[in-house]
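A short worksheet on the structure shown next.
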Amino acid sequence: MNRQRGGKPQGKSTGKRFNKNTPKDAPKQKAPVKKSDSGEIRLNKYIANSGICSRREADVHIATGLVAVNGKVIVEMGYKVKPGDEVRYDGARINPEKKAYVLLNKPKGFATTTSEGKGRTVMDLVANATSSRIKPIGRLGRNSKGLLLFTNDKDIEDKFKSSKTGVPRLFQIELDKNLRLEDLKKIQNGFKIEGKLITVEEISYIDGASKKEIGLKIKNTGNTIIRTIFEQFNYDIISIDCVAIGHLTKKDIPRGHWKHLSNEELTMLKMI
C-alpha cells in the first residue's frame, strides 16, 4: 500500500491544498481575538508591568488581599483595570509603566506644557528620553531656563507638591534694579499677599555680583510665585535660572540636554 509521509494511507484526493510550509500536525488556527478599545488590562498584568513581580506572583498578592483598586480590595482573578484607575499594592500606588526620572537643563524659548499647539515645548526636548509617559514637575516660563524634572512617578510628584515636604529649588534671578536690603529682609521673613502668607526657604545676594542678582530657594513648584514676590516690591525680573532641585545640579548637563537620574540621586531625592 502506498503511504504518504507520516505513515497514513493514501486515499482519494479531497481537493484541498495545503501550504507546503505548514508544520506537520500544526494546530488549527483560531480566529484572531479582537482587542478591547477600552484600554482595560488584567490586574495581574498591570502589577507585573509595574516591575513589582511576575504575573504569577501578582495572582498570589491579589488572592491574599494586598491589592486595591480605587480604594477597594480586589481578590478576584481576572479582574480588569480601566484607564485612570488608582491601583495600590500594600498601600503604595503603582504604575503599569516603568518608572522614569529625567532631568532636563531647559533653554529659553520652550514652554513647560504637555499640550500640543503651544509651539516649542519641553516635551520636544525629552521626546527620545524614554517610552514611559513622563511629564514635567512644576513649571519654568518660556523665557526661563534651568533644571526641570520629568517623571511618571506619582509619589515623587506628590512630594514636590506637598506644602510640608516639598522639594526646595534654587534659582538665580536677575532683577531690573538692585534689591534693597529692607526688601530682601521682608521677603526672607515672609509677607502676605491678599491674606495669603508667602514664605521662602532662603534669599540672598550672589557673592561677587551686583545686588540685581539674587539667589532664591523656594519649595513652590511654579515660577509664577517668584514673579509675584518681586512684583509685590516693584521689581521686574529680567531672567530666571533654576540651578538646583534639592541636591540635583546642572553639572554635566549642557543647556538643552537631559540625563536619567542615577539610583543614588533618586534615593537621595526620596529621602528629602
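So the mapping is simple: the working numbering equals the position in the sequence shown, first residue as 1, plus 1. Ideal placement from N, C-alpha and C gives every residue a C-beta, glycine not left out. All of these numbers come straight from a predicted model, not from anything done at the bench.
Residue i versus residue j: straight-line alpha-carbon distance, rounded
| i | j | result |
| --- | --- | --- |
| residue 197 | residue 186 | 18 Å |
| residue 112 | residue 133 | 20 Å |
| residue 75 | residue 65 | 9 Å |
| residue 97 | residue 51 | 4 Å |
| residue 261 | residue 268 | 13 Å |
| residue 255 | residue 106 | 7 Å |
| residue 130 | residue 103 | 7 Å |
| residue 156 | residue 124 | 21 Å |
| residue 216 | residue 247 | 14 Å |
| residue 223 | residue 140 | 5 Å |
| residue 259 | residue 127 | 7 Å |
| residue 181 | residue 233 | 13 Å |
| residue 169 | residue 193 | 20 Å |
| residue 167 | residue 220 | 5 Å |
| residue 190 | residue 40 | 51 Å |
| residue 264 | residue 136 | 20 Å |
| residue 138 | residue 80 | 32 Å |
| residue 153 | residue 119 | 22 Å |
| residue 95 | residue 270 | 18 Å |
| residue 218 | residue 241 | 12 Å |
| residue 101 | residue 78 | 29 Å |
| residue 266 | residue 161 | 15 Å |
| residue 61 | residue 82 | 17 Å |
| residue 142 | residue 63 | 44 Å |
| residue 199 | residue 42 | 44 Å |
| residue 225 | residue 99 | 32 Å |
| residue 209 | residue 184 | 20 Å |
| residue 33 | residue 243 | Only weak support exists for where residue 33 lies, its pLDDT of 43 falling under 50; the value from the coordinates is given anyway. Those two C-alpha atoms are separated by around 52 Å. |
| residue 53 | residue 163 | 26 Å |
| residue 93 | residue 59 | 15 Å |
Close-in-space but distant-in-sequence residues of the same chain around residue i (CB under 7 Å, 5 per side omitted)
| i | result |
| --- | --- |
| residue 56 | 45, 46 and 49 |
| residue 91 | 67 |
| residue 188 | 201, 204 and 230 |
| residue 179 | 211, 212 and 213 |
Same chain only: Cβ atoms within 6 Å of residue i, ignoring 5 sequence neighbours per side
| i | result |
| --- | --- |
| residue 236 | 176 |
| residue 22 | Reliability fails at residue 22, whose pLDDT of 44 lies under 50, so the model's placement of it is uncertain and no value is given. |
| residue 12 | No answer about residue 12 holds up, because its pLDDT of 46 lies below 50 and its placement is not dependable. |
| residue 144 | 109 |
| residue 114 | 122 |
| residue 245 | 171 |
| residue 159 | none |
| residue 273 | 168 and 247 |
CB contact below 9 Å: residue i versus chain D
| i | result |
| --- | --- |
| residue 256 | Annotation note: the requested chain D is absent from the structure, which comprises a single protein chain. |
Boundaries of the alpha helix (DSSP H) in which residue i is found, first to last residue
| i | result |
| --- | --- |
| residue 244 | Taken as a continuous stretch (DSSP letters only), residue 244 belongs to no alpha helix (DSSP H), being part of the beta strand (DSSP E) at 238–246. |
| residue 225 | 225–233 |
| residue 131 | Careful: residue 131 lies outside any alpha helix (DSSP H) and carries neither H nor E. |
| residue 46 | 44–50 |
| residue 260 | No alpha helix (DSSP H) contains residue 260, which is instead part of the beta strand (DSSP E) from 259–261. |
| residue 98 | Unbroken run through residue 98: none, as it is neither H nor E. |
| residue 125 | 123–126 |
| residue 271 | 264–272 |
Run of the beta strand (DSSP E) containing residue i, from where it starts to where it stops
| i | result |
| --- | --- |
| residue 103 | 102–107 |
Close-in-space but distant-in-sequence residues of the same chain around residue i (CB under 8 Å, 5 per side omitted)
| i | result |
| --- | --- |
| residue 238 | 174, 175, 176, 177, 227, 228 and 231 |
| residue 276 | A query on residue 276 cannot be resolved here, the shown segment of the chain reaching from 2 to 273 and no further. |
Quick test of the definition: if touching needs 3 or more C-beta pairs under 8 Å, does the region 130–150 touch the region 239–251? When C-beta atoms of the region 130–150 are compared with those of the region 239–251, three or more pairs fall below 8 Å, so the two segments count as touching.
Contact between the region 67–74 and the region 82–91 (3+ Cβ pairs under 8 Å): With the rule of 3 Cβ pairs closer than 8 Å, the region 67–74 counts as touching the region 82–91.
Entirely within the region 64–88 and at least 3 residues each: give me those beta strand (DSSP E) ranges in chain order. For the region 64–88, whole beta strand (DSSP E) runs of length 3 or above, ordered along the chain, are 68–70.
Residue ranges of each beta strand (DSSP E) run of no fewer than 3 residues wholly in the region 142–224, ordered along the chain? Counting only runs of 3 or more, we get 146–152, 170–176, 192–194, 197–199, 203–206 and 214–219.
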